[in-house]
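A.B. asks: For our numbering, count along the sequence shown from 1 and bump the result up by 596.
The beta-carbon is built from N, C-alpha and C at its ideal position, and this holds for glycine as well.
Given the structure is predicted, the values throughout are model-derived calculations rather than measurements.
One structure is given below, represented as C-alpha cells, and several questions about it will come after.
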Amino acid sequence: MYHKKQKQILPLLLLAIAVLFQVSCTKQEPSDLSSESIIPKPVSVVSTGAYFSLKPNTVIYVTGESPELLGIGHYLAEKLRPSTGYSLNVKSTADNPGKGSIILSLEGTSAAAANSEGYELHITAKQLRLTAATHAGLFRGVQTIRQLLPARIEMTERQQGPWKIATGTISDYPEYSHRGAMLDVARHFFGIDDVRRFIDFLAYYKMNSLHLHLSDDQGWRIEIKSWPNLTLHGSTTEVGGGSGGFFTQEQYRAIVEYAGENYITVIPEIDMPGHTNAALASYPELNCDGKATELYTGIEVGFSSFCIHKEITYKFIDDVIREISEMTPGPYFHIGGDESHATKLSDYIPFVERVQEIATSHGKQCIGWDEIANAKLKPGSIAQNWANPKNAGKAVAQGAKILMSPANKAYIDMKYDKTTKYGLQWAGFVEVDVSYNWDPATLVPGVGREDIVGVEAPLWTENITNIKEIEYMVFPRLAGIAEIGWTPAESRKWEEYRTRLGRHGERFDAMDINYYKSPLVDWTGLDE
Ligand code: ACM
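Here is the structure:
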C-alpha cells in the first residue's frame, strides 16, 4: 500500500523538479539587450526586458520575392541550421507573419535606413523583425542577429538550446563608408578556401572591403591571359622558396562572387613601379636592360622597378589593369606605389600620373599607398595612409580622400609583443589596446573626419604561412579595427570594449579560430 502511493508521487515529484529546473534556467536567459556584447558596438540599443525564442518551427520570412532578398534569408538560415538542428524554412510573404517568425524587410525612413548599410532590429517576444533600406543593410543586421544568440550558434554540429534573444530595438549604421582588411597573397600564397574564410571573418564584423595584394617581388598571383608567363614563371615561388601559386581568372571571379554575397567589395592591387620583381623575372622586356631578373624569395624591399621610360611598360600595365578590372565589379583598383626606392622621384611622379589615367580608362578609381600623394592625384583617387602622415596631408591638400591604415596601429601583421611567433615588428608591437585605441579623425594633423573614407587593417605575410597563423594575427585585432570604422568615436572606450571583446572569446572558439589570448583581456572561452 505504502509502496503504491510512493509510485504515484514519483511522477509528480519529477514534474516539480522539471518545472523548477525550467524556472531556474529561465533566470539565466538573456533579457537585457543593452548588455549584449555586440562588436562593432551599435549606435543605439533599447532593451525591453523579455526574450524572443528560436524554435524548431521558426520560419524566416522575407517581404519580397527577389532572389537577392531570399538569398539573405537563406544565408541567415544556413548560419543557424547546423547548431540548432532546426529546418528554418525561408519563405517570401506580403503579409505580417505570425508569432515566432523572423522577418527580413526592405523598408524604412529612419536615420539607420538613410545609410546604405544601416538597419534596425525590432525584437519582441513574438517576432524578430529586421528592416533596412538596402540589401547590404539587411546583411549587416543579420550579423547582429548572429551575435545576439549564444556563441554555440556558430558551431557546425548540433548543440543544446535554448536559442533566446533579448528583446528591444537596435538602430545601427556605420560611421565610415569604407571598412576593410588586406590579405597579402604574394609573400605567401593562400588559396581560395583560405580567402573565403578570411571573407567570413570580415563579414562577421560588418566590414565591406577586401583588398587583395596580388603581386610583389616574391610572386605574381593572378592569371593574366595576355601575359601568361606571369603565372607560368612569376607565380612559382614565395618567401622562403615554397611553390607559391596563383588564382586562375575563374578562381578570382569566384572570390569576387563570394565577397559580393557577403556585401564585400574586392579591391585588387598590382603593386608598382616597385615591388615588381616577379613580373620583371617573367618578362625581360619590362627591364631597362632587357634582361629578366631572377625569382626572389627574400623579404627585403625597395630594389625593383618597372622601366619607366619604355612604352612596353604601359602596354603591360594597360593589359593587366584591363583584364583584372573586367573581372572586378567594385569601383577601385589599387596601384600600390609604396617603397619605390629603386625609382627616381622624377620618374615616379609621371609614372603614377600615367597609371591613374590607365586605371580611369578602365572605369576604376585609384587607391595607392600614401607615397602616391607626391604625384598629381586625379579626382577620386584615394591615398592609403600607412607610413608618412605628411603624404596624407599632401593628398588632402589636393582634395583627395584618405584611407587610414597607420602601420603602428592598424597593421595586423605586427607582433603583439616580443613573444609573438609570427609577424614583423618594424612599426613596433601592436597589442590589442594599441590597435583599438585611436581615432582616424584625429590621428594626422590637418586630416579631419571629412577627409577620411574609412579604415583598413592590412595583413602582410612575409612569415605567415597558413590559415591558423592568419587567424592568430587577425584575431582579435580585426574586431577592434572594424569597430573603429563602424562605431562613432565618442561611443568607444577601451575599458568597456575589452569586456565585450572578452566575451567574443567563446565565439572565436565556436568558429574554431586560433586567436591571441591577450593578457589585457578577460576571456570567456566556450567551456567556461
Ligand atoms: C607597405 O607596408 N609597404 C605599404
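Compute the distance between the beta-carbons of Ile668 and Glu716, then report whether it is under 8 Å.
C.D. replies: If you check the CB distance, Ile668 and Glu716 do not come in under 8 Å.
A.B. asks: Quick one: is the Cβ of Asp934 within less than 7 Å of any heavy atom of the ligand ACM?
C.D. replies: yes
A.B. asks: From the DSSP secondary-structure annotation, give me the bridge partner or partners of Val641.
C.D. replies: Ile766
A.B. asks: Look up His807 in the DSSP assignment and say whether it is helix, strand or coil.
C.D. replies: strand
A.B. asks: So within the segment 990 to 1068, which uninterrupted beta strand (DSSP E) runs reach at least 3 residues, ignoring any that extend past its ends?
C.D. replies: 997 to 1000 and 1048 to 1055
A.B. asks: By the DSSP assignment, the beta strand (DSSP E) with Tyr715 in it spans what residues?
C.D. replies: Tyr715 to Ile719
A.B. asks: Output the distance between the C-alpha atoms of Gln618 and Pro758, rounded to the nearest integer angstrom.
C.D. replies: Note on Gln618: pLDDT 47, under 50, position unreliable in the model; no value is reported.
A.B. asks: Spatial neighbours of Trp965 within its chain, please: C-beta separation below 7 Å, excluding the five flanking residues on both sides.
C.D. replies: Exclusion of the five residues before and after Trp965 leaves Gly932, Gly933, Asp934, Gln980 and Trp982 as the residues of its chain whose Cβ lies within less than 7 Å of its Cβ.
A.B. asks: Just how far apart, CA to CA, sit Phe797 and Lys906?
C.D. replies: 42 Å
A.B. asks: Name the residue from Leu629, Phe912, Met751 and Met868 whose alpha carbon lies nearest to the alpha carbon of Val948.
C.D. replies: Met868
A.B. asks: Using only CA atoms, which one of Leu806, Glu865, Gln814 and Gly840 lies nearest to Val852?
C.D. replies: Leu806
A.B. asks: Have a look at His1100 and Ser630 and give me their C-alpha separation to the nearest angstrom.
C.D. replies: 16 Å
A.B. asks: For Gly1024, count neighbouring Cβ atoms within 10 angstroms of its own Cβ and tell me buried if that reaches 16, exposed if not.
C.D. replies: exposed
A.B. asks: Any heavy atom of the ligand ACM within a distance shorter than 7 Å of the CB on Ala1003?
C.D. replies: yes
A.B. asks: Which ranges does the alpha helix (DSSP H) cover as unbroken runs of at least 4 residues, wholly within the segment 665 to 717, from first to last along the chain?
C.D. replies: 707 to 710
A.B. asks: Taking only the alpha-carbon atoms, compute the straight-line gap between Asp1105 and Val738 and give it to the nearest angstrom.
C.D. replies: 20 Å
A.B. asks: Using 8 Å as the threshold, is the C-beta distance between Ile920 and Ile818 below it?
C.D. replies: yes
A.B. asks: In whole angstroms, give me the CA-to-CA distance for His718 and Ala1075.
C.D. replies: 25 Å
A.B. asks: Using only alpha-carbon positions, find the residue among Thr720, Gln755 and Ala728 that is nearest to Tyr769.
C.D. replies: Ala728
A.B. asks: Quick check: Thr763 and Thr644, are their CB atoms within less than 8 Å of each other?
C.D. replies: yes
A.B. asks: Hey, is Trp965 close to the ligand ACM, as in C-beta under 7 Å from one of its heavy atoms?
C.D. replies: yes
A.B. asks: Is Gln814 helix, strand or coil by DSSP?
C.D. replies: coil
A.B. asks: Take Met751 and list the residues in its own chain whose beta-carbon comes closer than 6 Å to its own, dropping the five residues that flank it on each side.
C.D. replies: Ser679 and Ala1106
A.B. asks: Is it the case that the Cβ atoms of Leu1122 and Glu1091 are separated by a distance below 8 Å?
C.D. replies: no
A.B. asks: Rounded to the nearest angstrom, what separates Thr705 and Asp1029 at their Cα positions?
C.D. replies: 37 Å
A.B. asks: When the distance is taken between beta carbons, is Gly989 closer than 8 Å to Gly1042?
C.D. replies: yes
A.B. asks: In this structure, how does DSSP classify Asp885 when only helix, strand and coil are distinguished?
C.D. replies: coil
A.B. asks: For Ala732, which three-state DSSP category applies?
C.D. replies: Annotated three-state conformation of Ala732 is helix, per DSSP.
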